[in-house]
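Chains as they are written, first to last, in this note's numbering: chain A, 4 to 390; chain B, 4 to 390.
For every residue, glycine included, the Cβ atom is placed at its ideal position computed from N, Cα and C.
There are 2 protein chains.
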Amino acid sequence: MRKVAIIGVGMTKFGQHWEKDMVNLAVEAGTRAIHDAGIHQKDVDVLYGGTMSGGLFTNQEHLGSMLPDYLGFKNIPSVRVEAACASGGLALRQGYIDIASGAHDIAVVGGVEKMTDVGSHSVTKALATAADYEREAAFGATFPGLYAMMARLHMHKFKTTEEQLAEVAVKNHRNAMHNPYAQFHKQISVSDVLKSQYIADPLKLLDSSPISDGAAAIVLASEETAKKLCDTPVWIAGSGHATDTISLHDREDLLTLNATVKAAKQAYTQAKLSYKDIQHAEVHDCFTIAELLAIEDLGFAAKGASGKFIQEGNTSIGGKIPVNTSGGLKAKGHPIGATGVAQAIEAVLQLRGDAGKRNTGAETSLAHNVGGSGGTALVHIFTREKR
Amino acid sequence: MRKVAIIGVGMTKFGQHWEKDMVNLAVEAGTRAIHDAGIHQKDVDVLYGGTMSGGLFTNQEHLGSMLPDYLGFKNIPSVRVEAACASGGLALRQGYIDIASGAHDIAVVGGVEKMTDVGSHSVTKALATAADYEREAAFGATFPGLYAMMARLHMHKFKTTEEQLAEVAVKNHRNAMHNPYAQFHKQISVSDVLKSQYIADPLKLLDSSPISDGAAAIVLASEETAKKLCDTPVWIAGSGHATDTISLHDREDLLTLNATVKAAKQAYTQAKLSYKDIQHAEVHDCFTIAELLAIEDLGFAAKGASGKFIQEGNTSIGGKIPVNTSGGLKAKGHPIGATGVAQAIEAVLQLRGDAGKRNTGAETSLAHNVGGSGGTALVHIFTREKR
Chain A
4 MRKVAIIGVG
14 MTKFGQHWEK
24 DMVNLAVEAG
34 TRAIHDAGIH
44 QKDVDVLYGG
54 TMSGGLFTNQ
64 EHLGSMLPDY
74 LGFKNIPSVR
84 VEAACASGGL
94 ALRQGYIDIA
104 SGAHDIAVVG
114 GVEKMTDVGS
124 HSVTKALATA
134 ADYEREAAFG
144 ATFPGLYAMM
154 ARLHMHKFKT
164 TEEQLAEVAV
174 KNHRNAMHNP
184 YAQFHKQISV
194 SDVLKSQYIA
204 DPLKLLDSSP
214 ISDGAAAIVL
224 ASEETAKKLC
234 DTPVWIAGSG
244 HATDTISLHD
254 REDLLTLNAT
264 VKAAKQAYTQ
274 AKLSYKDIQH
284 AEVHDCFTIA
294 ELLAIEDLGF
304 AAKGASGKFI
314 QEGNTSIGGK
324 IPVNTSGGLK
334 AKGHPIGATG
344 VAQAIEAVLQ
354 LRGDAGKRNT
364 GAETSLAHNV
374 GGSGGTALVH
384 IFTREKR
Chain B
4 MRKVAIIGVG
14 MTKFGQHWEK
24 DMVNLAVEAG
34 TRAIHDAGIH
44 QKDVDVLYGG
54 TMSGGLFTNQ
64 EHLGSMLPDY
74 LGFKNIPSVR
84 VEAACASGGL
94 ALRQGYIDIA
104 SGAHDIAVVG
114 GVEKMTDVGS
124 HSVTKALATA
134 ADYEREAAFG
144 ATFPGLYAMM
154 ARLHMHKFKT
164 TEEQLAEVAV
174 KNHRNAMHNP
184 YAQFHKQISV
194 SDVLKSQYIA
204 DPLKLLDSSP
214 ISDGAAAIVL
224 ASEETAKKLC
234 DTPVWIAGSG
244 HATDTISLHD
254 REDLLTLNAT
264 VKAAKQAYTQ
274 AKLSYKDIQH
284 AEVHDCFTIA
294 ELLAIEDLGF
304 AAKGASGKFI
314 QEGNTSIGGK
324 IPVNTSGGLK
334 AKGHPIGATG
344 VAQAIEAVLQ
354 LRGDAGKRNT
364 GAETSLAHNV
374 GGSGGTALVH
384 IFTREKR
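Next up, the structure:
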């Protein structure tokens, strides 16, 4: 398989875009990415797009045809993938396999979701289709509830506190202050989080990622093409993808996401790196507890130790392993299909040194994207040339 | 890229399965395919699944996690793709690229749709999400209407008759009589078709494929693995994928599916074959007019000549190029996501000589799967070793 680089990135601001539809958002992000790569529409060989449910959110499936049509990528092969909240990470991986295989030389990989065109009741219902509908969702176990059960067990087993959960949200809002594409530019305190309304005890409103509209896109190229077109390629050094039982209740250990562990192992092995070599990470913080679990499952903290690890500042910018410098799902926003691609964009900005006040100087970065309560996980590791 | 073979096939009967849900159907087809390949669950490295809209039909997205879970493919990477009615063909292509790339050695590729759990009004609405919702579906242009406009123009421009359209349905019902997995086992006549109710003038009920439940699966393997495991591998000699404007009204020529023409060109070029070398084809006959257009766009008949070509028996078993020996979408049934995979199964049965009374003795076969009104097309060419 060939080496693959990211040579361009582009995204919309995440947030509520009442004046734009799903296609507008995707075209904005895609156009920015190809402009950033210094290429033209006609140079794009193939498109990979991740979206969770165009059908349920906007009555629009078949984006594989619609997006190249509206982007001006005339007649190219175009693939829509879905893995619930990991749809964007999956699009990245499938684009990577395509270019690595030699099938094509330049791919645009995008993710998009338009969530605000339906009522918030319907959003929760649409999101619940990422769980086992007949065995979880139909009984009222929506995602806040499923993650709340994980949080409660983590607190029970490891003495994790609501304050420690809150620290995740506080850090991610702090990071988002410096990200112009983030949904929220509002510093919050631990006390703000603790005082916010319970959504599913012990998770509160400010433990939860928001409902968002947005799109993100990157341009992938084979090694030969990347070297011709780009002075600052970011290499995909490892790609991992694994699944687990879709239902939370079917797992032996509710506090380990097997899919994350296995996807991370694949990515670390391929990249010939360990967690100790990773200098920046974007992880899937759909709820604050999810960031704790991710930090443990990726190896940055021992199982059960993440609450203290975060509270001590190890995951802040300037800490041991800065996590979610972009603001994460919590503060950057979480337009489902776009999230996994936006994580890769933050990795690229960090490795290029283009993240402004968020810059960490990292030479290696990891992106971790989860579908459902852990039924799918994608882990990608990115590197740059030494400068 | 490596050579890839199909080493196992399995499907459910297509039809109304009131007693089974989407996962039951997928597990039945997947289990049959791995049994046919003589492998076990643990041998499967990766899963590719095509489904159009688990969300709209059954409130269930995230099948990429759910299917390996229920199939016993523990923790493997698993990819759900969607391209409307071409979702199955797209799953086949992405599985092919994966195995060809060297990423994995054995893939299960499946397609599934459960359409009868919602009312028929909602089925038409769900299917309409494969068109441009804001510019076609919202104005009432559902698929029967879009294909009816193509049929009317073909009749106007080329003197094609309603009898010639009817001949497609008659042939496909005749072929399905010998396919135990087909939804309909009922011979119909041209007069039956002409007397059936108009759905969208000039298309009648018996010009239209039915609403179906069903699943289909195949096992792909790399050349080395296939040769170890299988005496009768069927090789994927060519794979083509192209897109076109999602809206019918945006096309310069309403009677040429550019996506089909371009996908076919890619597949013929890769296989180093022309249309003259193809001895059997499964084409996308969602409506009878669609089979006429396919026969022209794939090269079997000149543009405008397909009505006469079919009427003269050239596409019947024993004719010049037998088309839809399985019964096609019209009579075998059209569970959206399963269709493209089921087409590949018929190709395999024909090339193995396992199609019973439908056997054509073909050594080369082509499968053609369309999404929407032609916004996506997939063309695959299959060959076997000379015997």
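Distance cutoff 7 Å, beta carbons only. Does residue i sit that close to anything in chain B?
i: residue 136 of chain A; result: yes
i: residue 392 of chain A; result: Within the shown structure, residues of chain A are numbered from 4 to 390, placing residue 392 of chain A beyond reach of any answer.
i: residue 308 of chain A; result: no
i: residue 78 of chain A; result: yes
i: residue 369 of chain A; result: no
How about residue i: is its C-beta nearer than 7 Å to some C-beta of chain A?
i: residue 44 of chain B; result: no
i: residue 2 of chain B; result: With chain B covering only 4 through 390, there is no way to say anything about residue 2 of chain B.
i: residue 87 of chain B; result: yes
i: residue 265 of chain B; result: yes
i: residue 109 of chain B; result: no
i: residue 387 of chain B; result: no
i: residue 383 of chain B; result: no
i: residue 351 of chain B; result: no
Out of the options, point me to the one whose CA is closest to residue i's CA.
i: residue 43 of chain A; options: A:340, A:51, A:33; result: A:33
i: residue 377 of chain A; options: A:257, A:106, A:205; result: A:257
i: residue 106 of chain B; options: A:125, A:316, A:241, A:363; result: A:241
i: residue 196 of chain A; options: A:217, A:184, A:164, A:185; result: A:164
i: residue 152 of chain B; options: B:62, B:212, B:206; result: B:206
i: residue 149 of chain B; options: B:328, B:58, B:204; result: B:204
i: residue 218 of chain A; options: A:190, A:321, A:343; result: A:343
i: residue 38 of chain A; options: A:232, A:49, A:67; result: A:232
i: residue 251 of chain B; options: B:173, B:146, B:268; result: B:146
i: residue 66 of chain A; options: A:101, A:26, A:40, A:77; result: A:26
i: residue 360 of chain B; options: B:319, B:134, B:264, B:290; result: B:319
i: residue 347 of chain B; options: B:316, B:292, B:287, B:293; result: B:287
i: residue 1 of chain A; options: B:49, B:263, B:178; result: Residue 1 of chain A lies beyond the stretch modelled for chain A, which goes from 4 to 390, so this question has no answer here.
i: residue 21 of chain A; options: A:108, A:119, A:144, A:4; result: A:119
Near residue i, which residues of its chain fall below 7 Å by C-beta distance, leaving aside the five closest residues on each side in sequence?
i: residue 340 of chain B; result: 53, 54, 55, 90, 91, 114, 115, 116
i: residue 97 of chain B; result: 51, 82, 84
Can you give me the Cβ contacts of residue i inside the same chain, cut-off strictly under 8 Å, excluding the 5 residues immediately before and after it?
i: residue 1 of chain B; result: The first residue shown for chain B is 4 and the last is 390, placing residue 1 of chain B beyond what the model contains.
Work out the CA separation of residue j and residue i for me, nearest whole Å.
i: residue 285 of chain B; j: residue 369 of chain B; result: 6 Å
i: residue 295 of chain A; j: residue 307 of chain A; result: 9 Å
i: residue 47 of chain A; j: residue 74 of chain A; result: 11 Å
i: residue 93 of chain B; j: residue 86 of chain B; result: 7 Å
i: residue 158 of chain B; j: residue 383 of chain B; result: 29 Å
i: residue 226 of chain B; j: residue 7 of chain B; result: 6 Å
i: residue 161 of chain B; j: residue 338 of chain B; result: 32 Å
i: residue 193 of chain B; j: residue 180 of chain B; result: 16 Å
i: residue 230 of chain B; j: residue 182 of chain B; result: 29 Å
i: residue 373 of chain A; j: residue 88 of chain A; result: 6 Å
i: residue 95 of chain A; j: residue 212 of chain B; result: 35 Å
i: residue 9 of chain B; j: residue 228 of chain B; result: 11 Å
i: residue 189 of chain A; j: residue 68 of chain B; result: 36 Å
i: residue 356 of chain A; j: residue 235 of chain B; result: 55 Å
i: residue 23 of chain A; j: residue 380 of chain B; result: 29 Å
i: residue 178 of chain A; j: residue 17 of chain A; result: 15 Å
i: residue 324 of chain A; j: residue 303 of chain A; result: 8 Å
i: residue 239 of chain B; j: residue 350 of chain B; result: 11 Å
Assuming the contact rule is C-beta atoms closer than 8 Å, residue i and residue j should be a hit. Round their C-beta distance to whole Å, please.
i: residue 297 of chain B; j: residue 266 of chain B; result: Contact flag wrong, Cβ pair sits at about 11 Å.
i: residue 184 of chain A; j: residue 14 of chain A; result: 6 Å
i: residue 112 of chain A; j: residue 223 of chain A; result: 6 Å
i: residue 202 of chain A; j: residue 126 of chain A; result: That pair is no contact at about 13 Å.
i: residue 260 of chain A; j: residue 300 of chain A; result: 5 Å
i: residue 59 of chain A; j: residue 140 of chain A; result: Not really, about 12 Å apart at Cβ, beyond 8 Å.
i: residue 221 of chain B; j: residue 11 of chain B; result: 6 Å
i: residue 316 of chain B; j: residue 310 of chain B; result: Between residue 310 of chain B and residue 316 of chain B the Cβ distance is about 13 Å, and since that is not below 8 Å, they are no contact.
Leaving aside the five residues before and after residue i along the sequence, list all residues of the same chain whose C-beta is less than 6 Å from its C-beta, in chain order.
i: residue 30 of chain B; result: 73, 74
i: residue 170 of chain B; result: 313, 314
i: residue 175 of chain A; result: 327, 330, 331, 333, 334
i: residue 35 of chain B; result: 13
i: residue 64 of chain B; result: 57, 58
i: residue 273 of chain B; result: 241
Check the Cβ of residue i against every Cβ in chain C and list those closer than 7 Å, keeping chain order.
i: residue 249 of chain B; result: No chain C is part of this structure, whose protein chains are labelled A and B.
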